[in-house]
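For reference, the structure is listed below as structure tokens.
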Amino acid sequence: MMWKKRNRKKDAISNFVSKFTTQDTPISTKTKKNFEILSTAYLANNDDLILLSINQQFGAAYIETIVNDKKIKQILDYLRKTSSNQGQDQLEHLPFHHSKETRFENIVQALTRGSCVLFINHQKEAIVIDIQDIKERALEEPAAEATIKGPREGFNENFKTNISLIRKRIFNHHLKVEKRKIGTVSQTDVVMLYLDGVASEEIVSEVKKRLSRIEVDAVQSSNQIQSFIKDHSYAIVPLVGSSERPDKIAANIMEGKIAIIVDGTPFVLYGPISMFSLLQAPDDYYDSMYIATLLRMVRFGALFASLLLPSLYIALTTFHQEMIPTALALSIAAGREAVPFPALIETLFIEIIFEFLREAGLRLPKAIGNTISIVGALVIGDAAVRAGFVSPFVIIIVSITAISSFIIPNYSLGVSFRILRFAFIFLAATFGFFGMVWGLLVLYLYLTSLRSFGYPYLAPHAPLFPKGLKDTIFRFPLFQQARYPKFTVDQPSLKRFPAKPNPGKKNREKDD
Numbered sequence: 001m002m003w004k005k006r007n008r009k010k011d012a013i014s015n016f017v018s019k020f021t022t023q024d025t026p027i028s029t030k031t032k033k034n035f036e037i038l039s040t041a042y043l044a045n046n047d048d049l050i051l052l053s054i055n056q057q058f059g060a061a062y063i064e065t066i067v068n069d070k071k072i073k074q075i076l077d078y079l080r081k082t083s084s085n086q087g088q089d090q091l092e093h094l095p096f097h098h099s100k101e102t103r104f105e106n107i108v109q110a111l112t113r114g115s116c117v118l119f120i121n122h123q124k125e126a127i128v129i130d131i132q133d134i135k136e137r138a139l140e141e142p143a144a145e146a147t148i149k150g151p152r153e154g155f156n157e158n159f160k161t162n163i164s165l166i167r168k169r170i171f172n173h174h175l176k177v178e179k180r181k182i183g184t185v186s187q188t189d190v191v192m193l194y195l196d197g198v199a200s201e202e203i204v205s206e207v208k209k210r211l212s213r214i215e216v217d218a219v220q221s222s223n224q225i226q227s228f229i230k231d232h233s234y235a236i237v238p239l240v241g242s243s244e245r246p247d248k249i250a251a252n253i254m255e256g257k258i259a260i261i262v263d264g265t266p267f268v269l270y271g272p273i274s275m276f277s278l279l280q281a282p283d284d285y286y287d288s289m290y291i292a293t294l295l296r297m298v299r300f301g302a303l304f305a306s307l308l309l310p311s312l313y314i315a316l317t318t319f320h321q322e323m324i325p326t327a328l329a330l331s332i333a334a335g336r337e338a339v340p341f342p343a344l345i346e347t348l349f350i351e352i353i354f355e356f357l358r359e360a361g362l363r364l365p366k367a368i369g370n371t372i373s374i375v376g377a378l379v380i381g382d383a384a385v386r387a388g389f390v391s392p393f394v395i396i397i398v399s400i401t402a403i404s405s406f407i408i409p410n411y412s413l414g415v416s417f418r419i420l421r422f423a424f425i426f427l428a429a430t431f432g433f434f435g436m437v438w439g440l441l442v443l444y445l446y447l448t449s450l451r452s453f454g455y456p457y458l459a460p461h462a463p464l465f466p467k468g469l470k471d472t473i474f475r476f477p478l479f480q481q482a483r484y485p486k487f488t489v490d491q492p493s494l495k496r497f498p499a500k501p502n503p504g505k506k507n508r509e510k511d512d
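So in UniProt numbering, spot 408 of the sequence shown is number 408, and the numbers just go up one at a time.
Below, the structure written as structure tokens:
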């Protein structure tokens, strides 16, 4: 019985997939026959499919909801003015870019993507004219990656628009754009971009292999592609970068990385990445090196605070009270006097409440969500202290931790460290500082074992690449970052930035 059920399931899956696989059907020389095949075999029960017969010689097919009305009117007027004797010769001079197809599978794909297909009696070729007019969102500044001095435009859901935004920043013939379709049913356009001669050939070929191995029915977001191409399927931290900013993606491409655009989503993937690149923000390159270095140090401090601050409080109050200054210890003891729970329980309680508020603020409308996050935290925190559920110090610790997690530029990395925070809370509650130290050691070994498209996740620190350290925690002047990182580029001698500028030197020589 079990084997029969499995075989039935396999048969059902194969039958479902077979509906969307090509059958290599050629078009007929009769327009009416082609219309019949379209309306019954391929696009049945589609009321927005328009089939028009013109001058008893031509047949026009299109889906009215995704084509440009003005262009379709121009095409139809042109066909009505064309006599049946002129036929194919006249259509060769159509005032639109067009191509020819001989198979129904390609024709149906063109129709569903916004093309008008022209059939001609006694001809075995159909003319395909791309007149797609699918409404898209206007370019806006990415809310999650706002910048003070940088550009104010971000990607949208149209992959062609996103490619144009990148090409606008890289006017170079070495920029390669390779498109493929992924998804048996959805046939989603997935585009890979890289700079030939700068990107590692090994990385380019590896990304192509991973994309070609994807076999799914539909692709709805770039995150689905990310889950298929990353090196470690169960990694808790992000191994593929994602951004809505064209300037950031263009900069990564020029550094030798690969970008992947998925039609229908504004988030563009890029890689390989290191954990240090996820803590960098676009503003780092629009400000001086002093401001950028200070902000990066703040982010690294916030990263450790979001990971370790609650566990540090639990370890001190549970196992290592002798390390707390006397005045502070007495203050903490007075605050915890009426609390019936241990430090672990009260910390977990407030942490979970803050996670509830954070999630509610994201899901509710923006105006209401901000109010819920602020007012909810104040009201619940004050009520919990007054009721004796938690001490005031726990509210302070968890609040600082929550603020620290918001400072991390990459959302996925911030969520990953929020998950790890709970592991450190339990380690601190069980073993104190020893548990925290062991946890940090295991986390470090785990991060060093990770790879992003085959390259170390903690590079250039592990393995050590001294020249690459000039753009990690500290941001050195651009002229000192003279070469591309070795772990992403085949040609280590390739120049990234010019030599140190000497303003006024030539003028002084002329004066002498």
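Beta carbons are placed, not taken as given, at the ideal position from N, Cα and C, and that holds for glycine.
Model, not experiment: these values are computed from the prediction.
Check, Outcome
"Buried or exposed (CB count within 10 angstroms, at least 16 for buried), Thr188", "buried"
"Boundaries (first-last residue) of the alpha helix (DSSP H) holding Tyr457", "No alpha helix (DSSP H) holds Tyr457; DSSP gives it neither H nor E."
"Opposing strand residues paired with Ala101 [DSSP bridges]", "It is worth fixing the name first, because residue 101 is Glu in this sequence and not Ala. Beta-bridge pairing links Glu101 to Ala126."
"Status (buried if at least 16 other CB within 10 Å, exposed otherwise) for Ile261", "buried"
"Local conformation of Phe393 per DSSP, three classes", "helix"
"Thr21, buried or exposed, once every other Cβ within 10 Å from all chains shown has been counted against 16", "At Thr21 the pLDDT is 49, less than 50, meaning the model places this residue with poor confidence and gives no usable figure here."
"DSSP bridge partner residues for Arg475 (one or two, in chain order)", "Asp471"
"Alpha-carbon to alpha-carbon, Phe424 and Ala384", "24 Å"
"Rounded C-alpha distance that separates Thr184 from Met254", "33 Å"
"CB contact flag (Gly454, Ile229, <9 Å)", "no"
"Cβ neighbour criterion (16 or more within 10 Å) applied to Phe474", "exposed"
"Cβ pair Val108, Leu43 closer than 9 Å", "yes"
"Residues of its chain near Gln480, where Cβ-Cβ distance is below 7 Å and the 5 sequence neighbours each way are ignored", "Lys470"
"Proximity winner among Leu312, Met275, Leu378 and Ser412, relative to Gly435 (alpha-carbon distances)", "Leu312"
"Rounded C-alpha distance that separates Thr94 from Gly361", "It should be noted that the sequence gives Leu, not Thr, for residue 94. Their backbone Cα atoms lie some 54 Å apart in a straight line."
"Expected contact under 8 Å - CB spacing of Thr318 and Ala343 to nearest Å", "5 Å"
"With 16 other Cβ atoms within 10 Å as the buried cut-off, status of Arg152", "exposed"
"Close beta carbons around Ala402, own chain, < 6 Å, minus the five adjacent residues each side", "Phe354"
"Residue interval of the alpha helix (DSSP H) (run including Phe228)", "Ser222 to Ile229"
"Delimiting residues of the beta strand (DSSP E) encompassing Leu193", "Thr188 to Leu195"
"N- and C-terminal bounds of the alpha helix (DSSP H) containing Arg421", "Tyr411 to Phe431"
"Val385: first and last residue of the uninterrupted alpha helix (DSSP H) it sits in", "Lys366 to Ala387"
"Leu294 vs Leu420 beta-carbon contact at 9 Å", "no"
"Distance, Leu165 Cα to residue 513 Cα", "Only positions 1 to 512 of the chain appear in this structure, which leaves residue 513 out of reach."
"Start-end ranges of the alpha helix (DSSP H) lying completely within the region 329-364, minimum 4 residues", "343-363"
"The region 276-287 / the region 402-414 touching (three or more Cβ pairs under 8 Å)", "yes"
"9 Å Cβ cutoff met for Ile236 and Tyr270", "no"
"Whether Pro460 touches Ser274 by CB criterion (9 Å)", "yes"
"Ala218 (DSSP reduced to helix, strand or coil)", "coil"
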